[in-house]
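Q: In this note's numbering, the protein residues as written are 605 to 740. The structure's right below; bear with me while I get my questions together.
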Amino acid sequence: MIRQFRAIVTDIPGTTTDILYHTTSIDDLGDVVFADSPGLLEFHDERPFIKKIIDESHVILFVIDDTVGITAKEQHIFEYIQQANKKSQTILVINKLDKKRKEAETELALSEYYSLGFQDVVGISAKTKRNLSELQ
């Protein structure tokens with residue numbers, strides 16, 4: 605979405621330890637700030653980052669890894685979003701649909717995620733750039 609790599613990406617958990625911010629201009633919206641929270645080893649270490657991002661956000665792109673599904677950590681984040689009354693401002697983004705699902709299975713997979721009660725659910729593959737245009 606920002607058309608560049610900003611985070612250090614490795615297979616080692618905890619590589620990124622700070623919230624990464626990037627400001628970009630989007631045609632109809634003007635300047636938009638993206639915030640990416642770190643994936644730390646212990647969920648309790650992430651809570652301050654996650655709460656801060658949710659509280660400060662006007663729109664939340666909540667990204668779920670389809671190869672893992674909804675974990676206890678994601679459940680806690682859903683609760684934070686609900687507590688902050690930001691569910692209607694959240695787009696649930698399901699990433700890595702290319703990993704374990706065939707193209708025909710994508711709609712069925714997305715219907716499972718719609719059951720979480722979010723109005724906007726978008727399935728993507730960041731790696732293959734599939735459906736990224738739906739987020740713009």
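All C-beta atoms in this analysis are idealised placements derived from N, C-alpha and C, irrespective of residue type, glycine included.
Just curious, the alpha helix (DSSP H) that ILE681 is in, first and last residue?
A: 676-687
Q: Is it a yes or a no for the region 679-694 touching the region 718-734, going by three-plus beta-carbon pairs under 8 Å?
A: Using a C-beta cut-off of 8 Å, the region 679-694 makes contact with the region 718-734, since at least three inter-stretch Cβ pairs fall below that distance.
Q: Determine the direct distance from the alpha carbon of VAL637 to that of GLU660, and round the result to whole angstroms.
A: 11 Å
Q: First and last residue of the beta strand (DSSP E) that includes SER629?
A: 624-630
Q: Can you give me the C-alpha to C-alpha distance between ILE657 and VAL667, rounded to a whole angstrom?
A: 14 Å
Q: How is THR742 classed by DSSP in three states: helix, strand or coil?
A: Because the chain is modelled from 605 through 740, residue 742 falls outside the range shown and cannot be assessed.
Q: Go to LEU736, then tell me how far its beta strand (DSSP E) extends in each direction, as first and last residue.
A: Counting along the chain, no beta strand (DSSP E) covers LEU736, and no H or E run does either.
Q: With 16 other CB atoms within 10 Å as the buried threshold, where does LYS700 fall?
A: buried
Q: To which residues does DSSP link SER729 through a beta bridge?
A: Bridge partners of SER729: ARG734.
Q: From the DSSP secondary-structure annotation, give me the bridge partner or partners of VAL667.
A: VAL697
Q: Please report how far the alpha carbon of ASP640 lies from the alpha carbon of ILE664, in whole angstroms.
A: 11 Å
Q: Please determine, among SER737, ASP669 and LEU712, the residue with the shortest C-alpha to C-alpha distance to LEU696.
A: Here the closest residue by C-alpha is ASP669.
Q: Report the option in LYS677, GLN686 and GLY727 whose CA atom is closest to the CA atom of ARG651.
A: LYS677
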